[in-house]
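Residue numbers (my numbering): 101 to 575.
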Ligand SMILES: *Cc1c(COP(=O)(O)O)cnc(C)c1O
């Protein structure tokens, strides 16, 4: 039973029809479908009713004036009418931030994607013969050229690449893998689970920290289908360790006529030591080491669209391409367009470093970041709005489950507000039309410009100014 004050508050909530006549809501009806506005008005009044009914008996009941509810309807309709997937400014300093969409695309990749999206294309059409062609033909040439492999195939992501390869080459039989390589990536890719889903059986060898070639050899029997090596991309086993190199495993596979697969995780095609990073195995090296099949992601250190790349010997790739899962896991034309344009940049490594945003972000020098941070802090301090910005040294991360031990030196802009706690300020920045994502540390909001393009800085400052303004001050 509602209390008398609750009954009164419920009575004060305007009816949906009355809310629709409030001037700001009536104005919405000129621009948006009526059904969308009516639905928002219903949702807003229903939420107000729920709030009143769930309030403690002695609590002050909020006042739901028609103007206040109308403002909520406007906000709701605007949010529902706009896109849900929107750009954000990544000021976390995590270059391949999986939650923020991993690699941003290079300009040639964006242009190719838009061009192919616009109209028809030769996706599966052979322009020489006028007959049906293969979608796999578009990136295969560049991939074999850049990795030295005989053949290549692109699927939805690297998890799909591993799943498909195992299903095609090892279903119903055993796959030998080192215990220390049974990795989990981001909670959704676990090597043992992917193996189970592919229908093959796991044959673990070695211990957590050590595995020798003789361990693999001892596990080989009539049931063995494949030897697997997984790059421990997001952790390292340090100290008293032993592992088997790709070349040793490839030689063992060749001796027993068993295919060898390496899941590289990140598809590095350049030498990262140039950016001061530890060495990450490249696809070229794995192929040269003799591994029969190598898989990697398109949107980690390669810096392209989400994709899984399978390169290796033609006789195995032919089997993989014919498996029914290849059809289920295939990529669309937009991915192929963006990937082809990204791969083309690697023909000139200098261009790749300059134009691929992930590589560009990794190569900012500490001094350059310090200068940018100081300039930005100056602009923030000049805003007023109760904001104070200082510059402090810190570290950026590669992210995307790559190079876990490589912390990149950077300089952070540390912001405090006279009005809001760091968490509140971060929340207000997240809810801007162009959200800015930072991190919190030492009771400050920390912004790392490594992952912010210089041309985004003005928008970042405007967002901060608006987020730091008073709640009632309009925006
Ligand atoms: C990231 C990663 C995967 C998963 O790749 P996605 O492209 O995210 O599907 C698989 N294996 C390893 C070793 C990885 O690092």
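The beta carbon of each residue, even a glycine, is placed where N, CA and C say it ideally should be.
Since the model is a prediction, treat every value here as computed from it, not as a measurement.
Pull up the CB-CB distance for residue i and residue j, whole angstroms please, since I reckon it's below 8 Å.
i, j, result
"residue 418", "residue 395", "Their Cβ separation, rounded to whole angstroms, is 16 Å, which puts residue 418 and residue 395 out of contact at 8 Å."
"residue 549", "residue 458", "Residue 549 to residue 458, Cβ: 15 Å. No contact."
"residue 298", "residue 266", "4 Å"
"residue 323", "residue 274", "5 Å"
"residue 405", "residue 435", "5 Å"
"residue 106", "residue 153", "7 Å"
"residue 192", "residue 551", "6 Å"
"residue 203", "residue 371", "Their Cβ separation, rounded to whole angstroms, is 18 Å, which puts residue 203 and residue 371 out of contact at 8 Å."
"residue 250", "residue 235", "So it is not a contact: roughly 19 Å between Cβ atoms."
"residue 513", "residue 565", "Rounded, the Cβ-Cβ distance is 14 Å, inconsistent with contact."
"residue 529", "residue 541", "Going by Cβ atoms, the distance from residue 529 to residue 541 rounds to 15 Å, so no, they are not a contact pair."
"residue 283", "residue 344", "Not quite, the Cβ-Cβ distance comes to about 16 Å (not below 8 Å), so this is no contact."
"residue 169", "residue 148", "6 Å"
"residue 137", "residue 125", "7 Å"
"residue 294", "residue 262", "6 Å"
"residue 499", "residue 195", "5 Å"
"residue 559", "residue 205", "Wrong, their Cβ atoms sit about 19 Å apart, outside the cutoff."
"residue 443", "residue 239", "6 Å"
"residue 280", "residue 337", "5 Å"
"residue 411", "residue 243", "6 Å"
"residue 511", "residue 461", "Going by Cβ atoms, the distance from residue 511 to residue 461 rounds to 14 Å, so no, they are not a contact pair."
On the DSSP bridge list, what partners appear for residue i?
i, result
"residue 393", "361 and 412"
"residue 576", "Absent from the structure is residue 576, since the part of the chain shown begins at 101 and ends at 575."
"residue 251", "412"
"residue 232", "225"
"residue 366", "397"
"residue 541", "544"
"residue 517", "487"
"residue 536", "189"
"residue 507", "497"
"residue 382", "368"
Consider the C-beta atom of residue i and the heavy atoms of ligand 1; say whether any pair is separated by less than 6 Å.
i, result
"residue 48", "Any question about residue 48 goes unanswered here, given that the chain covers just 101 to 575."
"residue 135", "no"
"residue 506", "no"
"residue 259", "yes"
"residue 331", "yes"
"residue 365", "yes"
"residue 343", "no"
"residue 288", "no"
Going by the C-beta, is residue i closer than 6 Å to any heavy atom of ligand 3?
i, result
"residue 397", "Among the ligands modelled here, namely ligand 1, ligand 3 does not occur."
Contact the stretch 220-230 vs the stretch 378-393: 3+ CB pairs below 8 Å: With fewer than three CB-CB distances shorter than 8 Å, the stretch 220-230 does not count as touching the stretch 378-393.
Does the stretch 172-184 come into contact with the stretch 478-498, if we say contact requires no fewer than three beta-carbon pairs (one atom in each stretch) closer than 8 Å? Contact between the stretch 172-184 and the stretch 478-498 is absent: fewer than 3 CB-CB pairs across the two stretches fall below 8 Å.
So does the stretch 147-166 actually touch the stretch 464-480, counting three or more Cβ pairs closer than 8 Å? With the cut-off at 8 Å, the stretch 147-166 and the stretch 464-480 do not touch.
Segment contact flag, the stretch 361-381 with the stretch 297-314, C-beta cutoff 8 Å, min 3 pairs: No, the stretch 361-381 is not in contact with the stretch 297-314.
Entirely enclosed beta strand (DSSP E) segments - the stretch 269-348, minimum 3 residues: Entirely contained in the stretch 269-348, the beta strand (DSSP E) runs reaching 3 residues are, in chain order, 274-278, 301-305 and 324-330.
Tell me whether the stretch 205-220 and the stretch 443-456 touch, counting them as touching only if at least three CB pairs, one residue from each stretch, are closer than 8 Å. Under the Cβ criterion (8 Å, minimum of three pairs), the stretch 205-220 counts as touching the stretch 443-456.
List in chain order: all unbroken beta strand (DSSP E) runs of 3+ residues lying wholly within the stretch 154-197. Listed in chain order, the beta strand (DSSP E) elements of length 3 or more contained wholly in the stretch 154-197 are 194-196.
Between the stretch 250-262 and the stretch 406-414, do at least 3 Cβ pairs fall closer than 8 Å? Verdict: yes, contact present.
Ignoring anything shorter than 4 residues, give me the alpha helix (DSSP H) runs that lie fully in the stretch 417-499, in order along the chain. Taking only runs of at least 4 residues, the alpha helix (DSSP H) segments lying wholly in the stretch 417-499 are 424-428, 433-445, 449-455, 457-463 and 466-482.
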